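> Residue numbers (full-length UniProt numbering): 11 to 343.
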Ligand code: A3P
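Structure representation (structure tokens):
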């Protein structure tokens with residue numbers, strides 16, 4: 011059967027096959043020990059899934075791979091009989107379950123709000139997200155043709171892409187971050203990684219009093235501080251984000267295991283791993299000869315796509331749409 015393209019629910023664009031599956035999605039019963047990974051598409055969903063899996067399996071790669079083969083995190087989206095939908099898979103899965111969704115807050119099955127379950131939201135800056143989504147649309151054989159970059163730019167800023175507007179999505183989840191058990195992460199923080207070569211300076215006890223915001227405001231000072239003997243731990247270290255996830259999941263892994271997780275979830279490793287690079291997905295769904303699923307994995311690729319005029323226009327639109335929120339994105343590393 012042919013894929014039916016994009017339809018709308020409550021003004022939000024979704025795959026028509028997801029819309030067809032709407033009643034099953036809306037009546038889904040969340041459980042208190044569920045962990046729901048939530049993202050706008052192309053924000054590092056696969057990355058955070060891998061991190062969560064590795065933490066769950068104490069850094070044991072083989073156990074992690076085996077678990078993935080049995081049940082990759084069910085995806086609350088379309089149904090295409092005779093294949094079971096993500097909802098069917100989730101219903102059959104033993105607790106505790108890790109699930110994933112790209113749904114905006116207003117379309118999330120209501121039981122998630124009352125079940126007291128945990129959420130991990132990963133946000134990625136809109137410009138890189140748009141670029142990544144463009145290449146994903148190009149390779150996807152089930153989404154509509156994205157047209158040229160300039161055409162896709164218009165579609166994206168108007169929120170007429172699958173899963174709706176980036177602005178509404180990120181805003182919606184950001185605004186409720188304190189009302190539910192939500193760990194709100196940024197792709198850019200996860201990626202800030204080894205750039206500043208801080209690994210050897212990991213000193214968890216030094217974190218006190220240094221907020222992420224201070225760090226950003228004083229980037230240069232912080233760099234200097236790191237090279238001094240009394241270095242501060244700060245989010246430039248990839249373990250900082252992984253440690254947050256670990257604590258949120260109620261786990262306690264030692265530093266060697268964390269190091270291993272950092273390595274195993276690096277872009278390079280995940281690009282080679284058939285469980286994460288989507289090479290098992292048929293070409294009739296994802297044609298990786300057009301663009302690989304693990305494409306670049308960087309911050310700032312938007313500069314290779316946006317024209318100066320597009321960038322100015324985008325910044326203006328961003329200002330309007332995100333007015334009044336306190337969220338801040340890093341646009342380059
Ligand atoms: P790019 O297209 O910019 O390369 P999702 O999993 O939500 O679909 O997101 C896919 C994006 O996350 C792609 O971005 C992909 O390369 C990037 N990504 C996946 N794993 C990554 C990792 N370990 N480190 C950095 N980026 C990663």
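The beta carbon of each residue, even a glycine, is placed where N, CA and C say it ideally should be. Because the structure is a prediction, the values reported are computed rather than measured.
Let me know if residue 161 comes out buried or exposed under the rule of 16 or more other beta-carbons within 10 Å of its beta-carbon.
Here residue 161 corresponds to residue number 151 of the chain shown, with the count starting at 1. Exposed is the call here.
> Could you check whether the Cβ of residue 145 sits closer than 7 Å to any heavy atom belonging to the ligand A3P?
Locating residue 145 in the chain shown gives position 135, counting from the first residue. Yes - the ligand A3P has a heavy atom lying nearer than 7 Å to the Cβ of residue 145.
> Tell me where the alpha helix (DSSP H) around residue 272 begins and ends.
Along the chain shown, read from residue 1 onward, the residue named residue 272 stands at position 262. 265-274 is the extent of the alpha helix (DSSP H) around residue 272.
> In whole angstroms, what is the alpha-carbon distance linking residue 107 and residue 313?
Here the question's residue 107 lines up with position 97 in the chain shown. Here the question's residue 313 lines up with position 303 in the chain shown. So the alpha carbons of these two residues sit roughly 39 Å apart.
> Where does residue 129 fall in DSSP's three states?
Walking along the chain shown from the start, residue 129 turns up at place 119. Strand, per DSSP.
> Residue 136 by DSSP, collapsed to three states: which one?
Indexing the chain shown from 1 puts residue 136 at position 126. Helix.
> Here's the rule: buried if 16 or more other CB atoms are within 10 angstroms of the residue's CB, otherwise exposed. What is residue 18?
Counted from its first residue, the chain shown places residue 18 at position 8. So residue 18 counts as exposed.
> With 16 other CB atoms within 10 Å as the buried threshold, where does residue 59 fall?
Taking the chain shown and counting its residues from 1, one reaches residue 59 at position 49. Burial call: buried.
> Are the Cβ atoms of residue 194 and residue 320 separated by less than 8 Å?
The sequence position of residue 194 within the chain shown is 184, counting from 1. The sequence position of residue 320 within the chain shown is 310, counting from 1. No, the Cβ-Cβ distance between residue 194 and residue 320 is not below 8 Å.
> Go ahead and label residue 158 buried or exposed: buried means 16 or more other beta carbons lie within 10 angstroms of its beta carbon, across all protein chains shown.
Counting from one through the chain shown, the residue named residue 158 turns up at place 148. Residue 158 should be labelled exposed.
> Straight-line CA distance for residue 15 to residue 32?
By one-based count along the chain shown, residue 15 stands at place 5. By one-based count along the chain shown, residue 32 stands at place 22. Straight-line Cα distance between these residues: approximately 15 Å.
> Determine whether the beta carbon atoms of residue 116 and residue 182 lie at a separation below 8 Å.
For the purposes of this step, residue 116 is taken as the residue at position 106 of the chain shown. For the purposes of this step, residue 182 is taken as the residue at position 172 of the chain shown. Yes, the Cβ-Cβ distance between residue 116 and residue 182 is below 8 Å.
> Where does the unbroken beta strand (DSSP E) through residue 108 begin, and where does it stop?
Reading the chain shown from its first residue, position 98 is the one you call residue 108. Run containing residue 108: 108-111, per the beta strand (DSSP E) assignment.
> Mind checking who residue 25 pairs with in its DSSP beta bridge?
If you number the chain shown from 1, residue 25 lands on position 15. In the DSSP output, where bridge partners are listed per residue, residue 25 has 16.
> Quick one: what does DSSP say residue 340 is sitting in, helix, strand or coil?
By 1-based counting over the chain shown, the position of residue 340 is 330. Looking at residue 340 - three-state DSSP - the assignment turns out to be coil, as it is neither helix nor strand.
> Can you say whether residue 266 is buried or exposed, counting buried as having 16 or more other CB atoms within 10 angstroms of its CB?
Taking the chain shown and counting its residues from 1, the one referred to as residue 266 is at position 256. Exposed, because fewer than 16 other Cβ atoms sit within 10 Å of the Cβ of residue 266.
> Between residue 130 and residue 47, is the Cβ-Cβ spacing less than 8 Å?
Locating residue 130 in the chain shown gives position 120, where the first residue counts as 1. Locating residue 47 in the chain shown gives position 37, where the first residue counts as 1. Contact flag set, yes.
> Would you kindly report the start and end of the unbroken beta strand (DSSP E) that includes residue 6?
The first residue shown for the chain is 11 and the last is 343, placing residue 6 beyond what the model contains.
> Under 8 Å by Cβ, that's how I've got residue 296 and residue 172 pegged, so tell me the actual separation to the nearest angstrom.
In the chain shown, residue 296 corresponds to position 286, counting from 1. In the chain shown, residue 172 corresponds to position 162, counting from 1. Not a contact, Cβ separation roughly 14 Å.
> Give a yes or no on contact between the segment 294-309 and the segment 83-97, applying the rule of three or more CB pairs nearer than 8 Å.
The segment 294-309 vs the segment 83-97: no contact.
> Specify the secondary structure class of residue 153 as computed by DSSP and reduced to three states.
Looking up residue 153 in the chain shown gives position 143. Three-state result, residue 153: coil.
> Could you give the distance in angstroms between the alpha-carbon of residue 144 and the alpha-carbon of residue 258?
Here residue 144 refers to the residue found at position 134 of the chain shown. Here residue 258 refers to the residue found at position 248 of the chain shown. Straight-line Cα distance between these residues: approximately 32 Å.
> Quick check: the Cα distance between residue 124 and residue 256, rounded to an integer number of angstroms?
Reading the chain shown from its first residue, position 114 is the one you call residue 124. Reading the chain shown from its first residue, position 246 is the one you call residue 256. If I take the Cα positions, the gap works out to 24 Å.
> Would you say residue 40 and residue 139 are within 8 Å of each other, going by their C-beta atoms?
Against the chain shown, residue 40 aligns to sequence position 30. Against the chain shown, residue 139 aligns to sequence position 129. Cβ atoms of residue 40 and residue 139: not closer than 8 Å.
> Contact check, residue 303 vs residue 287 under 8 Å by CB: the rounded distance?
Working through the chain shown from its first residue, we reach residue 303 at position 293. Working through the chain shown from its first residue, we reach residue 287 at position 277. That pair is a contact at about 6 Å.
> In chain order, what residues of the same chain have a beta carbon less than 8 Å from the beta carbon of residue 95, not counting five sequence neighbours either side?
In the chain shown, the residue the question calls residue 95 occupies position 85. Closer than 8 Å at the Cβ level, and outside the excluded window around residue 95, lie 31, 34, 87, 88 and 89.
> Buried or exposed: which applies to residue 156, given that a residue is buried once 16 or more other Cβ atoms fall within 10 Å of its Cβ?
Here the question's residue 156 lines up with position 146 in the chain shown. Counting Cβ neighbours within 10 Å, residue 156 comes out buried, since at least 16 surround it.
> May I ask which residues mark the beginning and end of the alpha helix (DSSP H) holding residue 58?
Position 48 of the chain shown, counted from the first residue, corresponds to residue 58. Segment 55-66, the alpha helix (DSSP H) holding residue 58.
> Let me make sure I understand the geometry here. Which of 311, 269 and 324 has the alpha-carbon closest to that of residue 9?
In the structure displayed, the chain extends from 11 to 343; residue 9 sits before or after that span and is not available.
> Looking only at its chain, what residues have a beta carbon closer than 7 Å to the beta carbon of residue 308, apart from the 5 residues adjacent to it on each side?
Your numbering for residue 308 matches position 298 in the chain shown. Contacts found: none.
> Any chance the CB of residue 54 is under 7 Å from a heavy atom of the ligand A3P?
Indexing the chain shown from 1 puts residue 54 at position 44. Yes.
> Starting from residue 165, trace the alpha helix (DSSP H) both ways and give me its first and last residue.
Numbered from 1 along the chain shown, position 155 holds the residue referred to as residue 165. First-last of the alpha helix (DSSP H) with residue 165: 159-167.
> In this structure, how does DSSP classify residue 85 when only helix, strand and coil are distinguished?
Numbered from 1 along the chain shown, position 75 holds the residue referred to as residue 85. Correct three-state label for residue 85: strand.
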